[in-house]
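Protein chains in written order, with my numbering: chain A, 4 to 350; chain B, 4 to 350.
Worksheet for the structure shown next.
Protein chains: 2
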Amino acid sequence: MELTLKKIAAMLDVSPATVSLALKQDPRVAARTGERVRTLARELGYVPNNLGRALQSRRSGLVAYMLADIAGSFFNEILQGIGEVATEHGYGLMVGVTRGCAASEETQLRLFREKRVDGIVVSSGGQSATRDQLLRYEERGVPVIVCSSETFDARIPHVLTDNEAGGRLAAEHLIGLGHRRLAYFGPSLAPCRRYDGCAVAALAHGLAPVPRVASEEDLARLLASRSRPTGLVTYADTFAAKAKHVAEQAGLRIPQDLSVVGFDNMWFTSLPEFDLTTVAQPQRDIGRVAMDMLLARLRGQAAESRLLAPSLVVRGSTAAPAGSRRKEDRKSGRLRGVRCQDTRTSR
Amino acid sequence: MELTLKKIAAMLDVSPATVSLALKQDPRVAARTGERVRTLARELGYVPNNLGRALQSRRSGLVAYMLADIAGSFFNEILQGIGEVATEHGYGLMVGVTRGCAASEETQLRLFREKRVDGIVVSSGGQSATRDQLLRYEERGVPVIVCSSETFDARIPHVLTDNEAGGRLAAEHLIGLGHRRLAYFGPSLAPCRRYDGCAVAALAHGLAPVPRVASEEDLARLLASRSRPTGLVTYADTFAAKAKHVAEQAGLRIPQDLSVVGFDNMWFTSLPEFDLTTVAQPQRDIGRVAMDMLLARLRGQAAESRLLAPSLVVRGSTAAPAGSRRKEDRKSGRLRGVRCQDTRTSR
DNA sequence: GTCCGGTATTCAAACGTTTTAATACTCAGA
DNA sequence: TCTGAGTATTAAAACGTTTGAATACCGGAC
Chain A
4 MELTLKKIAA MLDVSPATVS LALKQDPRVA ARTGERVRTL ARELGYVPNN LGRALQSRRS
64 GLVAYMLADI AGSFFNEILQ GIGEVATEHG YGLMVGVTRG CAASEETQLR LFREKRVDGI
124 VVSSGGQSAT RDQLLRYEER GVPVIVCSSE TFDARIPHVL TDNEAGGRLA AEHLIGLGHR
184 RLAYFGPSLA PCRRYDGCAV AALAHGLAPV PRVASEEDLA RLLASRSRPT GLVTYADTFA
244 AKAKHVAEQA GLRIPQDLSV VGFDNMWFTS LPEFDLTTVA QPQRDIGRVA MDMLLARLRG
304 QAAESRLLAP SLVVRGSTAA PAGSRRKEDR KSGRLRGVRC QDTRTSR
Chain B
4 MELTLKKIAA MLDVSPATVS LALKQDPRVA ARTGERVRTL ARELGYVPNN LGRALQSRRS
64 GLVAYMLADI AGSFFNEILQ GIGEVATEHG YGLMVGVTRG CAASEETQLR LFREKRVDGI
124 VVSSGGQSAT RDQLLRYEER GVPVIVCSSE TFDARIPHVL TDNEAGGRLA AEHLIGLGHR
184 RLAYFGPSLA PCRRYDGCAV AALAHGLAPV PRVASEEDLA RLLASRSRPT GLVTYADTFA
244 AKAKHVAEQA GLRIPQDLSV VGFDNMWFTS LPEFDLTTVA QPQRDIGRVA MDMLLARLRG
304 QAAESRLLAP SLVVRGSTAA PAGSRRKEDR KSGRLRGVRC QDTRTSR
């Protein structure tokens, strides 16, 4: 039924070995024979059966990407990057969508193992059971790359956005506009590189320490205080959106009374209602780099962990603070959207 | 190195055949032997090598999903639905991210063929070359399901949202609120089921024909006209966002002067800045149903094309029209968010 | 006629499973 | 002791490919 190498061999009255060699241009087969084989294969639309090949070569030609089923397009774009590179190199891409829980992660890893994937990129790997599993994969010779998350073992390289640089970028943008009182709004008060970057920048420019809030109530309180900040850095665009709301409830206008910087450059931030200055992560590149690293390891090379630089997308939610005498030049000098790399398509 | 069935056989001093049969609980092997085999296999963490199995059974245990690399989380959620069901049935899921062009679609299909996927779900399949390819897959016995797109051949079943019902839902919501003059804003004037549904509802309730615009200019003109609509149905949330902007530019308030209904229930619509009433598509279910259909076909059964019902998410962008005497009861009767199924998590 | 060196091709085993048909064993009954 | 009927196990082939070793062929030199 299906066209196989053997059948081609039979048609041309040569051995399967000859066909196999001819198809991979092995110099051992005579030029004339090789040509004959390749022509027929092309005409008949022969596609080698990877199952046979894989069985023999111990390489399935599949790589896997495990991600959690989180709404939003963030991992989607990473997936695209991974997919592009995988395809360019002839690898098939399996995905395992987990619910972020150890059980479904285990199910996926088991499936990957059954299918004998050659390597794994993982974005969903919080659970410690999962981590053990992944280390076991490494030991078995299946390389793993952690993507968009800190790694948990020195043997496993990772790639993600340089979050500290992102925080710094946001803070420095505000500082450059003349702001002297910054604050930070994020999901929790736990250690956070984005906040660290922000704090470092403030320190470097001689500003007061940057206060940090983790709830809308605390944010409202902060914005109502005498020494309220004029510039707000947030952990994510979603927090920036919340902050905008809180600020407006408090009668503050954006950007006149408060400049707000988001993080992630999510789709909605470019809508006129938000027009949000934000730190963009290079999702697609993260995916591409992750896959590049995986390919390197599949070739037997080592792969270094990497941090990728974020970039600032300047929009209308940031401006010089109200009372600022200086820096008006700055403001007009740095055009809106200057560093913008808005090349999204909408659905 | 890797643990194989043969090695287990050797350890227990039985034949590979016995082990194979024992592992699949075949009644032919003695209960005692079977138990011995299964115990050892479990202890050693044996995972069968799918490559060998697939080669023998002519079933790779892989299905593929081909989607275009469109921003937004729409296909992402479909992917999740597909992934869930695939995993539940032990299938591995390959994805092929295309750029929507025939060339990359062909590349992906070729890769799928190499890996010998058992079936394919496709959301990206506009190109006619791709369509030919897909028909060829069908002929070769690899079933195809078209997902979230009209099908192009009677042999290939498809599943998507009932767009006409969606349009009807939106229009009837507005009509129920007391609106008598509706309009529709979409990407083009080409035939469109969402518009059809809207038009049908208007007709059924004795309203005037629903005018239709496809550009912001035309929309602005329409909103400035004497007989301007009080209710606007849009093709997608993105158009609703544009419409909101256009309306506000024209000095119209939402919802007092203009009620707007979106389509898709994208993430940003729930933000207070938009608070958009919208028609939600059941993306996840679309994915699940698509995979269910594929599984049915893999079992040799036929699969019927299906339309899935959308649902209305009522938020603050719709209200009774300004001059409406009647229906005030209606308005308060139908609470905000009544039919809402907002269970999103944010990243 | 034999032997050589080289080139072109093929053999055969292997990869890890599945499965059909065959074999070995055991116990009853005659 | 033989037959027959189960029951439990196994041998062997097959799936489609790869690959190192072996073979076949050929023209020329001795």
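Ideal Cβ positions, reconstructed from N, Cα and C, are used throughout, including at glycine.
Contact belief for residue i with residue j at Cβ below 8 angstroms, rounded distance in angstroms
i	j	result
LEU225 of chain B	VAL216 of chain B	6 angstroms
GLY265 of chain A	LEU279 of chain A	5 angstroms
ALA323 of chain A	LEU180 of chain A	5 angstroms
LEU3 of chain B	TYR94 of chain B	An answer regarding residue 3 of chain B cannot be provided, because it is not within the stretch 4 to 350 covered by chain B.
SER127 of chain B	GLY103 of chain B	6 angstroms
GLY84 of chain B	ASP288 of chain B	6 angstroms
GLN130 of chain B	GLU108 of chain B	6 angstroms
Collapsed DSSP secondary structure at residue i in the structure displayed
i	result
LEU44 of chain B	For the sequence presented, residue 44 of chain B should be read as Ala rather than Leu. Helix at ALA44 of chain B.
LEU225 of chain A	helix
MET69 of chain A	strand
THR21 of chain B	helix
TYR94 of chain B	coil
TYR198 of chain A	helix
SER262 of chain B	strand
ARG2 of chain B	Nothing about residue 2 of chain B can be read from this structure; chain B reaches only from 4 to 350.
THR36 of chain A	helix
LYS10 of chain B	helix
ASP16 of chain B	coil
ARG171 of chain B	helix
LEU58 of chain B	helix
LEU112 of chain B	helix
SER320 of chain B	coil
PHE77 of chain A	helix
GLU5 of chain B	coil
LYS247 of chain A	helix
LEU26 of chain B	helix
GLN304 of chain B	coil
SER107 of chain B	helix
GLU220 of chain A	helix
ALA207 of chain A	helix
GLY254 of chain B	coil
ALA89 of chain B	helix
PHE242 of chain B	helix
LEU192 of chain A	coil
GLY84 of chain A	helix
Where the alpha helix (DSSP H) through residue i begins and ends
i	result
VAL50 of chain B	VAL50 of chain B -> no alpha helix (DSSP H), and no H or E assigned at all.
MET269 of chain B	Careful: MET269 of chain B lies outside any alpha helix (DSSP H) and carries neither H nor E.
ARG300 of chain A	286-301
THR133 of chain B	131-142
Limits of the beta strand (DSSP E) - the one that residue i falls within
i	result
SER314 of chain A	314-316
TYR238 of chain A	Counting along the chain, TYR238 of chain A falls outside any beta strand (DSSP E), and DSSP gives it neither H nor E.
LEU180 of chain A	Element bounds for LEU180 of chain A: n/a, residue is neither H nor E.
THR280 of chain B	280-283
DSSP beta-bridge partners of residue i
i	result
HIS161 of chain B	B:VAL149
ILE123 of chain B	B:ALA67 and B:VAL147
TYR187 of chain B	B:ARG215 and B:VAL236
LEU310 of chain B	B:LEU163
Residue i Cβ short of 8 angstroms to the ligand ZN heavy atom set
i	result
PRO232 of chain A	By its list of ligands, the structure shown contains no ligand whatsoever, and the ligand ZN lies outside what it can speak to.
>> Using a Cβ-Cβ cutoff of 8 angstroms, what residues of the segment 60-72 of chain A are near chain B? List them in chain order.
In response: SER63, GLY64, LEU65 and ASP72
> Closer than 9 angstroms, Cβ to any Cβ of chain B: which residues of the segment 103-131 of chain A, in chain order?
Replying inline: Cβ contacts with chain B: SER107, THR110, GLN111, ARG113, LEU114, PHE115, ARG116, GLU117, LYS118, ARG119 and VAL120.
> What residues in the segment 82-98 of chain B have a beta carbon less than 8 angstroms from any beta carbon of chain A?
Replying inline: The segment 82-98 of chain B vs chain A, Cβ under 8 angstroms: LEU82, GLN83, GLY86, GLU87, THR90, GLY93, GLY95, LEU96, MET97 and VAL98.
> Which residues, taken in chain order from the segment 37-60 of chain A, show a beta carbon closer than 7 angstroms to some beta carbon of chain B?
Replying inline: VAL50, PRO51, ASN52, ASN53, LEU54, GLY55, ALA57 and LEU58
> Listed from N- to C-terminal order along the chain, which residues in the segment 243-256 of chain A have their beta-carbon within a distance smaller than 7 angstroms of any beta-carbon of chain B?
Replying inline: For the segment 243-256 of chain A, which is checked against every Cβ of chain B, the residues closer than 7 angstroms are ALA244 and HIS248.
> Which of the residues in the segment 275-300 of chain B, read from start to end, lie with their CB under 8 angstroms from any CB of chain A?
Replying inline: For the segment 275-300 of chain B, residues whose beta-carbon sits nearer than 8 angstroms to a beta-carbon of chain A comprise PRO275, GLU276 and PHE277.
> Can you list, in chain order, the residues of the segment 142-155 of chain B whose Cβ is nearer than 9 angstroms to any Cβ on chain A?
Replying inline: Shown in chain order are the members of the segment 142-155 of chain B whose Cβ falls below 9 angstroms from a Cβ of chain A: ARG143 and GLY144.
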